[in-house]
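> Numbering-wise (the UniProt record's numbering), the sequence shown opens with residue 1 and increments by one.
Yeah, the Cβ is synthetic: ideal placement off N, Cα and C, and Gly gets one too.
Small disclaimer: the values here were computed from a predicted structure and weren't measured.
Take this structure, written in structure tokens, and hold onto it; I'll ask about it next.
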Amino acid sequence: MTRVCLVGLGRTGIEVAKAIMEQKDLRLVSAISSPNSRKIGKDLGEILGCPATGVIVQGPDQIEPIVFQSRPDVVVDFTNPAATVRNSKLFSKMKVNIVVGTTGFSKIAMYKLYVLTKKYHNAILYAPNITLGVNVMMLLTNLAANMLNNYDFQITEIHHKHKKDAPSGTAVKIAKEIEKGLAASGLPETADVPIQAIRAGGVVGKHEVLIVGENDRIEISHESFSRKAFALGAIKGIRFIQGKSGYFEMNDVLNLQKVLGDYLAKEKFRNKRQPLYRMNSAAN
């Protein structure tokens, strides 16, 4: 049984809490909310709309004693970049592995997470792009860029009006995958992929990649209808990070390149055998 501490009880954090409690191999042992939150002091069950859990929500000033008392194997952090870096230093010192779902990280902040894993030999999974679907989208855009290096690429991302970082961490990651695909095709260094960020209404999250050539265009789109998609990604992350050490990203969890490679190998084998099947069918 993997013991889990959840830090951050916003809309996504609540979905993550619900998902953890539905798993037979995971146990939510502690929960920490933002400073001055009305959730502090309440049983987590009251917040989730379910029977009492025995987990009382604490404030961030209680992180160290809470982690010491509840002894989590993994901490899931959905807060903000500054709080995540600060929390991660404490968790790492205590040899606790961390799943970071927080978005809006700078390169310097990401590097700080990497350094923590080297110093304390715990594991950190940095996964702002935590859903399976958006990771498949990244793989597709990488392949498209490699095959269509004379096309123009542009990203549009739409999120709810309360999302603070723009562009989103996922959009930035998609842009990097496009740039990697272009570079792998042998194209000389190019300008950054343009990203348009829109903040409106209550949109959970939508990313679109427009790929335009002289005579045609391709659109690749991913939209999250519910924050449960993020929660399911977090569950995969928890199971992956348990017992490991080092710095990881969501691609390490899903290993989609291997999945694609295995699929193509099977297709190649199947296609080689098809002529034999056709000959046998014709003979019969």
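Quick one: grab the DSSP three-state call for L139.
For the purposes of this step, residue 139 is identified with residue 139 of the sequence shown, where counting begins at 1. Reduced to three states, the DSSP call for L139 is helix.
> Identify, in the order they occur along the chain, each residue of the same chain with its Cβ nearer than 7 Å to the Cβ of I130, setting aside the five sequence neighbours on each side.
Start at 1 with the first residue of the sequence shown, and residue 130 comes out as number 130. So the list reads G101, F230, G233, A234, G237, M250, once near-sequence residues are dropped.
> How far does the alpha helix (DSSP H) with T84 in it extend, from its first residue to its last?
Reading the sequence shown from its first residue, position 84 is the one you call residue 84. It spans 81 to 93 - the alpha helix (DSSP H) in which T84 sits, taken as one unbroken run.
> Quick check on A200: does DSSP put it in helix, strand or coil?
Numbered from its first residue, the sequence shown carries residue 200 at position 200. Note: A200 maps to coil in three-state DSSP.
> Taking buried to mean at least 16 other C-beta atoms within 10 Å of its own C-beta, is T190 buried or exposed?
Taking the sequence shown and counting its residues from 1, one reaches residue 190 at position 190. Classification for T190: exposed.
> Give a yes or no on whether the C-beta atoms belonging to A144 and G181 are separated by under 8 Å.
The count along the sequence shown starts at 1 and reaches residue 144 at position 144. The count along the sequence shown starts at 1 and reaches residue 181 at position 181. Yes. Within cutoff.
> If you reduce the DSSP assignment to three classes, tell me which class S70 lands in.
Taking the sequence shown and counting its residues from 1, the one referred to as residue 70 is at position 70. Three-state DSSP puts S70 in a helix.
> Note down the Cα distance separating Q154 from D73, rounded to an integer number of angstroms.
The residue you call residue 154 lines up with position 154 of the sequence shown. The residue you call residue 73 lines up with position 73 of the sequence shown. Cα-Cα distance, rounded: 40 Å.
> Could you check whether the Cβ of V57 sits closer than 8 Å to any Cβ belonging to chain B?
Of the protein chains in this structure there is only one, and it is not chain B.
> Could you please give me the residues that DSSP links to A31 through a beta bridge?
Taking the first residue of the sequence shown as 1, we reach residue 31 at position 31. According to DSSP, which records beta bridges pairwise, A31 is partnered with L6.
> So, are the CB atoms of A123 and N97 less than 8 Å apart?
Position 123 of the sequence shown holds residue 123. Position 97 of the sequence shown holds residue 97. It is a contact, given that the beta carbons lie within the stated cut-off.
> Could you tell me whether the segment 199 to 206 touches the segment 158 to 170, using the rule of 3 or more Cβ pairs below 8 Å?
With the cut-off at 8 Å, the segment 199 to 206 and the segment 158 to 170 touch.
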